[in-house]
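This report refers to the structure that appears directly beneath it.
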Amino acid sequence: MATATQAKGKTEKADKKTAFPKETYMFWYESMQLMRKFEEKCGQLYGMQKIRGFCHLYIGQEACAAGAVSALTKDDSWITAYRDHAHPLALGTSPNAVMAELYGKETGCSKGNGGSMHIFDKEKHFFGGHGIVGAQIPLGAGIAFAEKYNKTKNVCMCYFGDGAVRQGAFHEALNLAMLWKLPCIFIVENNGYAMGTSVKRTSNVTDLYTLGDAYDMPSEAVDGMDPEAVHDATARAAERARNGDGPTFLEFRTYRYKGHSMSDPQKYRSKDEVEEYKQRDPIEVIRKKILDKKFSTEAELDAIDQKIVSQVEESVKFAEESKYPDPETALKYIYVQEDYPFITD
Ligand SMILES: Cc1ncc(C[n+]2csc(CCOP(=O)(O)OP(=O)(O)O)c2C)c(N)n1
1 MATATQAKGK TEKADKKTAF PKETYMFWYE SMQLMRKFEE KCGQLYGMQK IRGFCHLYIG
61 QEACAAGAVS ALTKDDSWIT AYRDHAHPLA LGTSPNAVMA ELYGKETGCS KGNGGSMHIF
121 DKEKHFFGGH GIVGAQIPLG AGIAFAEKYN KTKNVCMCYF GDGAVRQGAF HEALNLAMLW
181 KLPCIFIVEN NGYAMGTSVK RTSNVTDLYT LGDAYDMPSE AVDGMDPEAV HDATARAAER
241 ARNGDGPTFL EFRTYRYKGH SMSDPQKYRS KDEVEEYKQR DPIEVIRKKI LDKKFSTEAE
301 LDAIDQKIVS QVEESVKFAE ESKYPDPETA LKYIYVQEDY PFITD
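Under the numbering used here, the letters of the sequence shown match residues 1 to 345, in that order.
So this is what it looks like as C-alpha cells:
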C-alpha cells in the first residue's frame with residue numbers, strides 16, 4: 001500500500017521546489033493569458049450565437065495545463081474531457097484552428113465536425129476532447145499501453161473531472177495501468193463540482209488522490225492554482241513513468257470561475273466562494289512573481305497581453321471568413337470496420 005508520506009498526499013521529493021528560469025515563468029504567463037483571453041472571447045461569441053451547442057470554459061483552471069506542458073516533451077500524449085480548448089492552446093495548437101472548430105468551420109482542427117467538445121491535434125499528440133464522462137480514461141491507458149508496447153519513453157497525460165472518479169471506467173483503467181505498469185499520468189482536475197453537484201455531496205472520500213491507494217498507485221494532491229506545483233508533480237510522475245515504474249494519480253485542486261457550461265445559473269455556490277479563488281488567480285500570481293524577480297516589466301507584460309488580444313481577434317476573423325464543411329463530407333470521417341464479424345451483408 002501507499003507509504004505514509006503518500007498517504008499525506010505527498011511523495012518524498014514533493015517538498016523540494018524547483019527554481020525555475022525566466023523562460024518557464026514567461027511561458028506560463030503567456031500560455032495562461034492566451035487560454036484566458038481566448039475563452040473570454042468564446043464566452044462573448046457564445047452570447048452572440050456565433051458559437052453554438054455545448055461550450056465548457058476552463059477559466060480559472062489554466063495552471064493545470066500550463067504547468068504540465070512545461071514539465072513534458074513534445075512527444076508525450078494528451079487526452080481530456082469536454083473542457084478542452086485550453087490544453088491544445090498550451091501545446092501550441094493554432095488559436096485559429098481551435099476557434100474555427102468552435103464555429104464548426106472546415107478550417108477547424110477537427111474539420112468542423114467536432115465542435116467545442118472534440119478538439120483534436122494529431123501533430124501535438126492531443127487525442128481530444130471527449131463528451132462522455134470518464135470515457136477518455138481507458139483511452140488514455142490505451143495510449144500509454146501503445147507507448148510501452150512500442151518501447152518509447154513517452155508518457156500519456158490523461159485528464160478528467162472529479163465527477164469521473166465515481167465511474168467504473170476510472171477504476172478499471174487505474175487497475176490495469178498499475179498491473180501493467182503503463183506510462184500514464186492520471187489527473188483528476190478537482191474543481192469541486194460536477195455540474196452543480198459538489199464533491200462533498202457525492203463522494204465519501206473527498207481527498208480524491210487517496211483513491212489511488214486502492215490500486216497501490218503512487219498518488220498526491222497538488223495545488224492546481226500554481227503552475228510551479230503542477231510542473232514539479234508532473235515531472236516527478238513522468239520520471240517514474242519513463243523509468244518503467246508505471247502510472248501516477250495526481251489530484252490537481254483547482255476551481256472554475258465560470259459555470260459548468262454556458263447555461264448554468266450557479267445556484268449551488270456563493271459569489272464569495274468564487275471571489276476567494278480569484279484572489280489566488282494563477283495568472284495574477286505568476287505576473288507578480290515575474291515582476292518581483294525582475295524577469296520582465298509591467299510595460300513588457302502589457303505588450304504580451306496586447307499581442308494575445310490581437311491573436312485572439314485574428315482567430316475570430318479567421319473563423320468568420322472560413323467556410324462551413326461541404327455537407328457531402330459529413331460521413332467521411334466516421335469509422336466503419338468493414339470486416340466486423342456481425343455485419344453479414
Ligand atoms: C457518462 C455520462 N454521464 C453523464 C453525463 C452528463 N454530464 C456532462 S458533464 C457532467 C459533470 C462532470 O463533471 P466533472 O467530471 O467534475 O468535470 P468538470 O465539468 O467539472 O470539468 C455530467 C454529469 C455525461 N456527459 N456522461
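Beta carbons are placed, not taken as given, at the ideal position from N, Cα and C, and that holds for glycine.
Since the structure is predicted, the reported quantities are computational estimates derived from the model, not experimental observations.
M157 is bridged by DSSP to W78 and I185. Looking from the CA of R287, the closest CA among T18, A19 and S31 belongs to S31.
Looking at the DSSP output, R253 shares a beta bridge with N190 and D223.
Not one heavy atom of ligand 1 is found less than 7 Å from the C-beta of Y268. In its chain, beyond the 5 residues on either side, H56, M117 and G131 have a beta carbon closer than 6 Å to the beta carbon of Y82. By a beta-carbon distance limit of 8 Å, P95 contacts L34. Their separation comes to about 7 Å. For a cut-off of 8 Å, the C-beta gap from R36 to I283 is around 6 Å, short enough to register as a contact.
In terms of side-chain proximity, the C-beta atom of A65 is found no nearer than 7 Å to any non-hydrogen atom of ligand 1. Between C156 and S261, the C-beta gap is not smaller than 8 Å, which leaves the two residues out of contact. For N150, there is no enclosing alpha helix (DSSP H), since its DSSP letter is neither H nor E.
Here the distance from the Cβ of Y25 to the nearest heavy atom of ligand 1 is not below 7 Å. Residue burial is scored here from C-beta neighbours: F342 has fewer than 16 other C-beta atoms within 10 angstroms and is therefore classed as exposed. For D272, the uninterrupted alpha helix (DSSP H) segment begins and ends at K271 to K278.
Assigned with DSSP and collapsed to three states, F20 falls in coil, not helix or strand. When DSSP states are grouped into helix, strand and coil, S261 belongs to the coil group. Excluding the 5 residues flanking it on each side, G92 has same chain C-beta neighbours closer than 7 Å at K124, in chain order. Under the three-state reduction of DSSP, T206 is assigned to coil, being neither helix nor strand.
The residue among A144, E23, K153 and N191 with its C-alpha nearest the C-alpha of V165 is N191.
Taking C-beta atoms under 8 Å as the contact rule, K122 and G112 fail to qualify, at a distance of about 16 Å. Ranking H171, P183 and G134 by CA distance to the CA of F160 puts G134 first. Taking I51 as the centre and dropping the five residues before and after it, the same chain places the C-beta of C42, L45, L102, Y103 and S116 closer than 8 Å to its C-beta, in chain order. Closest by C-alpha distance to D302, out of A66, M26 and V188, is M26. Of Y58, A97, S70 and P218, the smallest CA-CA separation from D232 is found for S70. In the structure shown, T329 falls within a helical segment according to DSSP collapsed to helix, strand and coil.
Taken in chain order, no unbroken stretch of beta strand (DSSP E) lies wholly in the stretch 86–125 with a span of 3 residues or more. In the three-state DSSP reduction, S198 falls in the strand class (E or B). Taking the Cβ atoms as the reference, L331 lies roughly 39 Å from F249, outside the contact range of under 8 Å.
One alpha carbon belongs to K294, the other to P88, and they sit about 29 Å apart.
By the Cβ rule, the stretch 240–258 counts as touching the stretch 170–187, because three or more pairs are nearer than 8 Å.
Boundaries of the alpha helix (DSSP H) harbouring P282: P282 to D292, taken from the DSSP string.
Exclusion of E123 from the 7 Å shell around ligand 1 follows from its C-beta lying no nearer than that to any non-hydrogen atom of the ligand. Under DSSP, T248 takes part in a beta bridge, and its partners are I185.
For the options V230, Y215, G140 and K148, the alpha carbon positioned closest to that of H171 is the one of Y215. According to the DSSP assignment, A177 belongs to the alpha helix (DSSP H) that extends over G168 to L179. Where E320 is concerned, the enclosing alpha helix (DSSP H) starts and stops at E298 to E321.
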